[in-house]
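What follows is a set of notes on a single structure, which appears directly below.
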Amino acid sequence: MEKQFNNLIDYLKTLEVRGCITGSSMLGYMEGQKQDIDVFCYDEKAFTELYFELYHNKMFTILDKLERWKSDMFRTKNDFGNKHHTGVTTIKFTYNTVIELNIIYKKNCNNAFSILASFDLDLICKAYCLQ
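Heads up, the sequence shown is in the numbering used here, so the first residue is 2 and it goes up one at a time.
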(Lines of atoms letter the chains of each structure in order from A and count residues from 1; the text may use other names and numbers.)
(Lines give C-alpha, C1' and ligand atoms only; values in the text may rest on other atoms or scores of the structure.)
Protein backbone atom coordinates (compact mmCIF):
# COMPACT_ATOMS: atom_id res chain seq x y z
CA MET A 1 0.00 0.00 0.00
CA GLU A 2 2.82 2.42 0.84
CA LYS A 3 4.36 1.83 -2.60
CA GLN A 4 1.02 2.64 -4.30
CA PHE A 5 0.67 5.76 -2.16
CA ASN A 6 4.17 6.97 -3.08
CA ASN A 7 3.66 6.08 -6.75
CA LEU A 8 0.56 8.27 -6.86
CA ILE A 9 2.30 11.20 -5.16
CA ASP A 10 5.21 10.87 -7.61
CA TYR A 11 2.82 10.73 -10.57
CA LEU A 12 0.95 13.84 -9.42
CA LYS A 13 4.22 15.74 -9.07
CA THR A 14 4.94 15.14 -12.78
CA LEU A 15 1.71 16.85 -13.89
CA GLU A 16 1.72 20.46 -15.07
CA VAL A 17 -1.38 21.49 -13.13
CA ARG A 18 -2.17 24.84 -11.53
CA GLY A 19 -2.80 23.36 -8.12
CA CYS A 20 -1.29 21.81 -5.02
CA ILE A 21 -1.25 18.57 -3.06
CA THR A 22 -2.20 19.07 0.57
CA GLY A 23 -3.79 17.30 3.52
CA SER A 24 -2.54 14.39 5.61
CA SER A 25 -0.85 12.89 2.56
CA MET A 26 1.85 15.55 2.89
CA LEU A 27 2.81 14.03 6.24
CA GLY A 28 3.77 10.80 4.48
CA TYR A 29 2.23 7.34 4.43
CA MET A 30 0.77 6.16 7.75
CA GLU A 31 0.38 2.39 8.05
CA GLY A 32 -3.06 1.30 9.25
CA GLN A 33 -4.73 4.64 8.50
CA LYS A 34 -7.34 5.15 5.78
CA GLN A 35 -5.46 7.88 3.97
CA ASP A 36 -6.41 9.78 0.84
CA ILE A 37 -4.67 12.41 -1.26
CA ASP A 38 -6.15 15.84 -1.96
CA VAL A 39 -5.28 17.96 -5.00
CA PHE A 40 -6.68 21.49 -4.94
CA CYS A 41 -6.85 23.21 -8.32
CA TYR A 42 -6.44 26.98 -8.47
CA ASP A 43 -9.05 27.56 -11.18
CA GLU A 44 -11.77 25.77 -13.14
CA LYS A 45 -9.48 25.28 -16.16
CA ALA A 46 -6.92 23.44 -14.02
CA PHE A 47 -9.67 21.32 -12.46
CA THR A 48 -10.98 20.40 -15.92
CA GLU A 49 -7.50 19.51 -17.19
CA LEU A 50 -6.76 17.33 -14.18
CA TYR A 51 -10.18 15.69 -14.33
CA PHE A 52 -9.72 14.58 -17.95
CA GLU A 53 -6.11 13.50 -17.31
CA LEU A 54 -7.36 11.13 -14.61
CA TYR A 55 -10.58 10.15 -16.36
CA HIS A 56 -8.68 8.86 -19.40
CA ASN A 57 -5.93 7.13 -17.39
CA LYS A 58 -6.62 3.41 -16.87
CA MET A 59 -5.00 3.52 -13.41
CA PHE A 60 -7.85 5.68 -12.11
CA THR A 61 -11.48 4.68 -11.58
CA ILE A 62 -14.51 6.19 -9.91
CA LEU A 63 -15.99 3.54 -7.64
CA ASP A 64 -18.54 5.44 -5.56
CA LYS A 65 -22.00 5.92 -7.16
CA LEU A 66 -22.33 9.53 -6.02
CA GLU A 67 -18.85 10.36 -7.34
CA ARG A 68 -19.73 8.66 -10.65
CA TRP A 69 -22.87 10.80 -10.87
CA LYS A 70 -20.87 13.98 -10.12
CA SER A 71 -18.32 12.95 -12.74
CA ASP A 72 -21.03 12.36 -15.34
CA MET A 73 -22.62 15.72 -14.57
CA PHE A 74 -19.26 17.49 -14.83
CA ARG A 75 -18.16 15.67 -17.99
CA THR A 76 -21.44 16.36 -19.82
CA LYS A 77 -21.36 20.00 -18.66
CA ASN A 78 -24.44 19.66 -16.50
CA ASP A 79 -23.80 21.35 -13.19
CA PHE A 80 -23.93 19.29 -10.02
CA GLY A 81 -24.63 22.30 -7.86
CA ASN A 82 -22.03 22.70 -5.13
CA LYS A 83 -19.81 25.13 -7.01
CA HIS A 84 -22.51 27.80 -7.12
CA HIS A 85 -23.81 27.32 -3.57
CA THR A 86 -20.68 26.56 -1.57
CA GLY A 87 -17.92 27.47 -4.03
CA VAL A 88 -16.47 23.95 -3.90
CA THR A 89 -16.34 21.31 -6.64
CA THR A 90 -14.91 17.89 -5.81
CA ILE A 91 -14.69 14.48 -7.50
CA LYS A 92 -13.11 11.39 -5.94
CA PHE A 93 -11.06 8.99 -8.06
CA THR A 94 -9.45 5.76 -6.87
CA TYR A 95 -5.89 4.99 -7.93
CA ASN A 96 -5.17 1.34 -8.73
CA THR A 97 -8.32 0.43 -6.71
CA VAL A 98 -6.60 1.23 -3.39
CA ILE A 99 -5.78 4.95 -2.90
CA GLU A 100 -8.50 7.61 -2.94
CA LEU A 101 -7.65 10.84 -4.76
CA ASN A 102 -9.86 13.90 -4.31
CA ILE A 103 -9.61 16.62 -6.92
CA ILE A 104 -11.03 19.87 -5.62
CA TYR A 105 -11.71 23.36 -6.92
CA LYS A 106 -12.36 25.95 -4.22
CA LYS A 107 -13.60 29.28 -5.49
CA ASN A 108 -11.32 32.26 -4.69
CA CYS A 109 -8.39 30.02 -3.69
CA ASN A 110 -5.77 30.59 -6.36
CA ASN A 111 -2.53 29.56 -4.65
CA ALA A 112 -1.29 27.14 -1.98
CA PHE A 113 -1.42 29.82 0.73
CA SER A 114 -5.07 30.66 0.08
CA ILE A 115 -5.94 26.94 0.07
CA LEU A 116 -4.22 26.38 3.42
CA ALA A 117 -5.72 29.57 4.88
CA SER A 118 -9.22 28.36 3.96
CA PHE A 119 -9.03 25.45 6.40
CA ASP A 120 -10.42 25.93 9.89
CA LEU A 121 -7.51 24.25 11.66
CA ASP A 122 -5.18 25.01 14.51
CA LEU A 123 -2.47 22.85 12.96
CA ILE A 124 0.61 23.54 10.92
CA CYS A 125 -0.35 22.82 7.31
CA LYS A 126 1.83 21.79 4.39
CA ALA A 127 1.29 21.86 0.64
CA TYR A 128 3.24 20.92 -2.48
CA CYS A 129 2.63 23.25 -5.43
CA LEU A 130 2.43 21.29 -8.71
CA GLN A 131 3.59 24.13 -10.95
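Ideal placement from N, C-alpha and C gives every residue a C-beta, glycine not left out. Since the structure is predicted, the reported quantities are computational estimates derived from the model, not experimental observations.
Considering only C-alpha positions, which residue in the set L102, T98, Q36, Y106 is nearest to V89? Y106
Taking 8 Å as the threshold (C-beta atoms), are I100 and S72 in contact? no
Tell me where the alpha helix (DSSP H) around D73 begins and ends. 66-76
So, do the segment 19-26 and the segment 52-62 have three or more beta carbon pairs nearer to each other than 8 Å? no
According to the neighbour-count rule (16 or more other Cβ atoms, all chains shown, within 10 Å of its Cβ), is L9 buried or exposed? buried
If you run the structure through DSSP and keep just helix, strand and coil, what is L102? strand
Leaving out five residues on either side along the sequence, give the residues of the same chain with a beta carbon under 7 Å from the beta carbon of E45. Y106
Going by DSSP in three states, I38 sits in which element: helix, strand or coil? strand
Select from F75, E3, A128, K78 the residue whose C-alpha is nearest the C-alpha of G33. E3
Mind checking G29: buried by the 16 CB within 10 Å criterion, or exposed? exposed
Closest Cβ-Cβ distance between K59 and chain C: below 8 Å? Protein chain content of the structure displayed is limited to a single chain, and chain C is not contained in it.
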